[in-house]
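Residue numbers (my numbering): 8 to 150.
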């Protein structure tokens, strides 16, 4: 059975743009930045002739976020509407949501709304989108 949550993976269209968001703005730590092109990666992904840039980023408590940029084959865009079936969002815990909110706004990141208090008063939270439209929830625990 499952013993731990290992990582979340997101396919991005432009790795450098994604790194500005996740590494520079959200301050995740760069762990790995590599390009893979092998029979192994073809086999594990169930594709052929894959060329893939893989970046692994870590939170301060060791949870990983894995970003894929498919250099070959070319990617297809998709609708990341929060109600679509599939991954709806990724949530990050932050120390000061108002500070993070202001920082991201300064960099042109759009939010659904300013941070709000949860009905039970346990967290302040808000949703924004990464550069490819993936929904990101930012949560500041209050209790």
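In this text, a Cβ means the ideal position worked out from N, Cα and C, and glycines have one as well.
Inter-residue Cα distance where the pair is residue 149 and residue 124: 9 Å
Cross-strand partners of residue 28 (DSSP beta bridge): Paired residues: none, contrary to the question.
Identity of the residue in 109, 143 and 100 nearest residue 129 by Cα: 100
Backbone secondary structure at residue 97 - three-state DSSP: strand
Contact under 9 Å by Cβ, residue 21 with residue 122: no
Bridge partner(s) assigned by DSSP for residue 138: Partner(s): none; residue 138 has no beta bridge.
Length of the line joining the Cα atoms of residue 74 and residue 24: 11 Å
Residue burial classification, residue 152 (beta-carbon count within 10 angstroms, cutoff 16): The structure shown does not extend to residue 152, since the chain is modelled only from 8 through 150, so no value can be given for it.
Cβ contact check for the segment 32-46 and the segment 58-70: 3 or more pairs under 8 Å: yes
Whole-angstrom distance between residue 91 and residue 97, CA atom to CA atom: 14 Å
Own chain partners of residue 57 with C-beta closer than 8 Å, once the 5 adjacent residues on each side are dropped: 43, 44, 48, 49, 77, 79 and 80
Test item: CB-CB of residue 13 and residue 40 under 9 Å: no
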